[in-house]
Each structure stands twice: as C-alpha cells, then as structure tokens.
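Visitor:
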Amino acid sequence: MGVAVWSCCGGGAVFAPALLAGRRFHGSPLAPTELHFASASSYPFPFPSGPAIPFSPAPMPSSRAQLRLLRVEASAGVVLQDAAATTFCFAGAYSLVLVFDTLAQRNIIQKSLSRKAVHVLSGLLYISTWPLFSSSMAARYFAAVVPLLTCIRLLCYGLRLLSDEGVVKSVAREGRPEELLQGPLYYVIVLLLWTLVFWRESPVGVVSLTMMSGGDGFADIVGRRYGVTKLPYNQQKSWVGSISMFVFGLLFSVGMLYYFSVFGYVHFDLEQTITRVALVSLTASVVESLPISNVIDDNISVPLTSVLTSVLLFG
Ligand SMILES: Nc1ccn([C@@H]2O[C@H](COP(=O)(O)OP(=O)(O)OP(=O)(O)O)[C@@H](O)[C@H]2O)c(=O)n1
Ligand SMILES: C/C(=C\CO)CCC[C@H](C)CCC[C@H](C)CCCC(C)C
14 MGVAVWSCCG GGAVFAPALL AGRRFHGSPL APTELHFASA SSYPFPFPSG PAIPFSPAPM
74 PSSRAQLRLL RVEASAGVVL QDAAATTFCF AGAYSLVLVF DTLAQRNIIQ KSLSRKAVHV
134 LSGLLYISTW PLFSSSMAAR YFAAVVPLLT CIRLLCYGLR LLSDEGVVKS VAREGRPEEL
194 LQGPLYYVIV LLLWTLVFWR ESPVGVVSLT MMSGGDGFAD IVGRRYGVTK LPYNQQKSWV
254 GSISMFVFGL LFSVGMLYYF SVFGYVHFDL EQTITRVALV SLTASVVESL PISNVIDDNI
314 SVPLTSVLTS VLLFG
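Numbering (the working numbering), first residue to last: 14 to 328.
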C-alpha cells in the first residue's frame with residue numbers, strides 16, 4: 014500500500030485516510046510550488062527511523078480543488094466514524110437495559126442484581142467504546158450524545174411524560190418512575206460531564222468513572238450477599254462490601270488504564286499506576302462507606318472524591 018504524506022501551500026500537513034486505505038487519486042503530478050513530499054525522516058510517526066525507505070509516491074491530486082475534495086472526504090469519513098460509534102453505543106445502552114430487564118422478569122436473576130449489573134456494565138462498557146471514536150476535536154461531543162439522550166429518556170420516564178416499564182423495572186430500586194430522577198439520573202449526568210471535561214486522554218476521568226461504575230457497583234453486589242459484619246459507623250454497609258469496592262475499583266481501573274494505554278491515550282507504568290489507583294480506590298471506598306448516602310448520593314460522592322484524589326496523584 015502506497016502511503017503518501019504531503020504538505021500544502023501553507024506548509025500544513027494533510028493526512029488523507031483515504032490514501033491509507035489504498036484509494037488512488039488520478040491526476041498529473043503536482044507542481045513543486047504547490048505541493049511537495051515530506052521526507053520520511055521528517056515525519057516521525059508512521060515511518061521507522063534508519064536508512065531511507067525506497068519510496069514510490071501514489072498519483073497526486075493535481076489542483077487545489079482536488080485537495081479540497083480530499084479534505085472534505087477525510088472529514089466526512091471522520092463524521093461518519095463518530096456517528097457510527099454513537100449509534101453503536103446508544104444501541105448498546107438500549108440493549109443492556111433490555112437484556113437485564115428480561116433476565117429479571119424471567120426470574121433468572123434478582124431485581125437488585127439486575128439493577129447493579131446495569132450500574133456496573135453501563136459505565137464500564139461506555140468507557141470501553143471511547144476508542145471507537147475518531148481523534149477529531151468533535152469526537153467527545155459525539156460520545157456525549159449517548160449519556161445526553163439517556164438523560165432525556167430518564168427525565169421523560171421519571172416525570173411520567175413517557176412510560177417504559179422495562180427501564181423503570183431494571184433501573185429503579187422500588188419500581189417507581191420518580192426514582193429514575195435520583196441515582197440513575199446522577200449517574201448518567203456524571204458520565205455526560207466527565208466525557209466532556211476529561212475524555213479519554215485523562216487518567217482522572219477514566220479512573221473516577223470506573224470507581225463509580227465498577228467499584229461502587231461491586232460494593233453492593235458482594236456486600237448485599239455476603240456483608241454480614243456491618244461497619245461500626247454505618248449499619249447499612251459492611252466490611253466485605255467496602256473491601257470489594259476497594260479491590261474491584263482497583264482492578265477495573267488498572268485494567269481500564271492499561272486498555273487506554275494500548276491505544277496510546279495514556280501512559281501506563283504498572284507499579285506507579287497500581288500505587289496511585291490503590292490510593293484513589295481506598296479514598297473512594299472510605300467515602301462510600303460513610304453514613305452520608307441520604308445527604309449525597311454515592312453516584313455523586315464517589316466520582317467527585319475520585320476526581321479530587323486522582324488530580325492530586327496523576328496531576
Ligand atoms: N460498602 C457497602 C456498600 C453496600 N453494601 C450493601 O449493598 C446494599 C446497597 O447499598 P447502596 O448501593 O449504598 O444502596 P442503594 O440503595 O442500592 O443505593 P444506590 O443503588 O442508589 O447507590 C446495602 O444495603 C448493603 O447491604 C455493603 O454491604 N457495603
Ligand atoms: C442503575 C444505574 C444507576 C443507579 O445507581 C445506572 C443507570 C444506567 C442507565 C439507565 C444507562 C446508561 C447507559 C450509558 C449512558 C451508555 C452505555 C453504553 C454501553 C455501550 C452499554
């Protein structure tokens with residue numbers, strides 16, 4: 014596959030994914046004053062350093078009009094990619110609620126477990142889809158459309174403007190639509206704001222969302238089943254629940270940071286990451302265990318605490 018990288022009149026590099034995909038452009042070679050090839054050694058990322066690589070350029074666009082067309086094609090490709098990722102993600106959100114509602118309806122799993130499974134999986138899966146979005150500036154806004162639409166859905170059902178028994182049954186604690194306006198709505202608003210503010214290059218956003226979804230979710234799943242010994246300062250919560258939050262929050266966050274490092278979004282050093290994330294997870298677990306749930310919802314206190322500690326530790 015011939016890869017051509019060139020710079021145009023103003024010297025700005027134009028990157029055409031269409032060429033990377035092997036598409037060919039017909040036209041006469043460009044006048045040197047209009048366009049010239051960047052040397053392989055001056056363009057670090059796709060080229061290995063070392064001896065010059067024999068380089069046979071693909072046919073080049075002959076005019077500014079063709080260049081403009083190329084740019085339009087490239088940005089249309091980016092918009093299509095982001096729109097497809099948003100659609101996929103929204104379909105995932107819809108299906109997740111549907112699957113757990115069906116499992117609970119058929120008594121395959123308990124209602125409380127279904128709700129917490131949605132809590133754990135929606136956050137973790139949502140973050141996992143971020144690499145599907147393009148590297149454009151607009152990508153985070155496309156990703157944010159998913160929690161935004163979910164927010165609107167929750168508001169419509171919570172305010173009884175629309176009704177959807179499935180969502181209410183699988184997400185509300187006691188099956189009343191108004192409950193969607195509390196924990197679930199806060200959760201989705203946090204997903205929305207964190208996407209816009211931190212997006213995928215920040216360990217702060219990734220870790221705090223993972224603590225809220227994976228860590229806090231497992232405190233409930235494990236604590237509800239095995240939490241016999243309650244905490245001395247909070248009879249609603251147990252040692253095993255809080256320890257599970259610490260362990261799962263740590264494991265999921267380290268796993269998620271590793272996953273993002275594979276795509277080159279964050280730097281990953283195992284020892285340093287474990288130490289920092291362990292401190293974040295410990296602080297979030299302590300805050301989650303406090304008897305303050307009726308003052309501030311866990312879906313607000315956990316991500317906020319995690320952001321504050323992550324900012325201090327990750328910088
Ligand atoms: N550290 C924790 C947290 C939770 N739990 C168990 O999980 C149950 C639910 O806890 P929590 O998630 O705080 O309450 P919810 O009413 O489910 O609140 P929400 O889902 O809105 O967060 C508690 O009653 C308790 O049995 C626990 O043992 N230890
Ligand atoms: C029960 C919940 C919180 C209470 O503590 C979580 C509510 C979750 C929402 C109903 C669904 C959220 C969906 C996400 C915005 C996107 C998930 C996408 C993914 C690909 C499945």
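Where a beta carbon is used, it is the ideal one built from N, C-alpha and C, also for glycine.
#1: Using the rule of at least 16 other Cβ atoms within 10 Å of the residue's Cβ for burial, across every protein chain shown, is V299 buried or exposed?
#2: Express the C-alpha separation of Y246 and V217 in angstroms, rounding to a whole number.
#3: What ranges does the alpha helix (DSSP H) occupy inside the stretch 183-237, keeping only unbroken runs of at least 4 residues that lie completely in it?
#4: Tell me which residues pass a beta-carbon proximity test against ligand 2: closer than 6 Å to any heavy atom, given in chain order.
#5: Is any heavy atom of ligand 1 found at a distance shorter than 6 Å from the C-beta of A117?
#6: Using CA coordinates, which residue listed in R153, L134 and S135 is at the minimum distance from W143?
#7: How many Å lie between W19 and A156 at the Cα?
#8: Let me confirm a value: P190 is counted as buried when at least 16 other C-beta atoms fall within 10 Å, else exposed. Which label applies?
#9: Helix, strand or coil: which one does DSSP assign to S244?
#10: Among L126, S149, D114 and T100, whose alpha-carbon lies nearest the alpha-carbon of A89?
#11: Mind the definition here: the stretch 193-209 touches the stretch 158-170 only if three or more C-beta pairs lie below 8 Å; say whether that holds.
#12: Throw me the rounded Cβ distance for the L193 and G179 pair, which I believe falls under 8 Å.
#13: Whole angstroms are fine: how far does the CA of L222 sit from the CA of L174?
#14: Just to confirm, does S302 get its C-beta within under 6 Å of one of the non-hydrogen atoms of ligand 1?
#15: Please classify F132 as buried or exposed, where buried requires at least 16 neighbouring CB atoms within 10 angstroms.
#16: What do you reckon, are the CB atoms on F259 and Y271 nearer than 7 Å?
#17: Helix, strand or coil for S149, going by three-state DSSP, please let me know.
#18: Under the criterion of a Cβ to heavy atom distance below 6 Å, does Q249 qualify as lining ligand 1?
#19: Assuming R289 is part of the alpha helix (DSSP H), what are its boundary residues?
#20: Out of curiosity, what's the CA-to-CA distance linking S127 and V184?
#21: In the structure shown, what three-state DSSP assignment does S10 receive?
#22: If you follow the alpha helix (DSSP H) that Y139 is in, where does it begin and where does it stop?
#23: May I ask you to report which of helix, strand or coil DSSP gives S75?
#24: By the 10 Å Cβ neighbour count, where 16 or more other Cβ atoms means buried, how is N312 classified, buried or exposed?
#25: Report the option in G236, L145, S257 and F261 whose CA atom is closest to the CA atom of Q249.
#26: Can you tell me whether S176 is helix, strand or coil according to DSSP?
#27: The alpha helix (DSSP H) spanning P316 covers which residue range?
#28: Let me confirm a value: A106 is counted as buried when at least 16 other C-beta atoms fall within 10 Å, else exposed. Which label applies?
#29: What are the boundary residues of the alpha helix (DSSP H) that I121 is part of?
#30: Could you give the distance in angstroms between the alpha-carbon of A104 and the alpha-carbon of S135?
#31: Can you tell me the Cα-Cα spacing of F101 and L205, whole angstroms?
#32: Provide the residue(s) that pair with S251 in DSSP beta bridges, ordered along the chain.
#33: Alpha carbon to alpha carbon, what distance is there between V85 and A130?
Guide: Let me lay it out:
#1: Its Cβ having fewer than 16 others within 10 Å, V299 is exposed.
#2: Taking the straight line from one Cα to the other gives about 29 Å.
#3: Within the stretch 183-237, the complete alpha helix (DSSP H) runs of at least 4 residues are 196-210 and 216-223.
#4: The set of residues with a C-beta under 6 Å from any non-hydrogen atom of ligand 2 comprises C102, G105, A106, L109, V110, R128, V131, H132, S135, L138, Y139, T142, V159, P160, T163, V184, G196, P197, Y200, V201, L204 and N312, given in chain order.
#5: Of the heavy atoms belonging to ligand 1, none sits nearer than 6 Å to the Cβ of A117.
#6: When the alpha-carbon of W143 is set against those of R153, L134 and S135, the nearest one is in R153.
#7: Interpretation of W19 is limited by its pLDDT of 33, a score under 50 that renders its predicted location unreliable; the figure taken from the coordinates is listed afterwards. If I take the Cα positions, the gap works out to 31 Å.
#8: By the Cβ neighbour-count rule, P190 is buried, with 16 or more other Cβ atoms within 10 Å of its own.
#9: Note on identity: in this sequence residue 244 is Leu, with Ser being the wrong assignment. If DSSP states are grouped into helix, strand and coil, L244 belongs with the strands.
#10: A89 has its Cα closest to that of S149, out of L126, S149, D114 and T100.
#11: Counting Cβ pairs under 8 Å, three or more are found: they touch.
#12: Beta-carbon to beta-carbon, L193 and G179 are separated by about 12 Å, too far to satisfy the 8 Å threshold.
#13: Cα to Cα, L174 sits roughly 29 Å from L222.
#14: Yes; taking the cut-off as 6 Å, the Cβ of S302 has a heavy atom of ligand 1 nearer than that.
#15: Note that residue 132 corresponds to His in the displayed sequence, not to Phe. By the neighbour-count criterion, in which 16 or more other beta carbons inside 10 Å mark a residue as buried, H132 falls on the buried side.
#16: The answer is no: Cβ separation not under 7 Å.
#17: Taken through DSSP and simplified to helix, strand or coil, S149 comes out as coil.
#18: Q249 Cβ: within cutoff of ligand 1.
#19: R289 -> alpha helix (DSSP H) spans L283 to S302.
#20: Each residue's alpha carbon lies about 8 Å from the other.
#21: Only positions 14 to 328 of the chain appear in the structure, and residue 10 is not among them; the question remains open.
#22: Segment K124 to S141, the alpha helix (DSSP H) holding Y139.
#23: The answer is coil: DSSP assigns S75 none of H, G, I, E or B.
#24: Buried, by the Cβ-count rule.
#25: For the residues G236, L145, S257 and F261, the minimum Cα distance to Q249 belongs to G236.
#26: DSSP places S176 in coil when its eight states are reduced to three.
#27: Element bounds for P316: D311 to F327.
#28: Label assigned to A106: buried.
#29: Careful: I121 lies outside any alpha helix (DSSP H) and carries neither H nor E.
#30: Within the model, the alpha-carbon separation for A104 versus S135 is close to 12 Å.
#31: C-alpha separation (whole angstroms): 17 Å.
#32: K243.
#33: Distance between the alpha carbons of A130 and V85 is about 42 Å.
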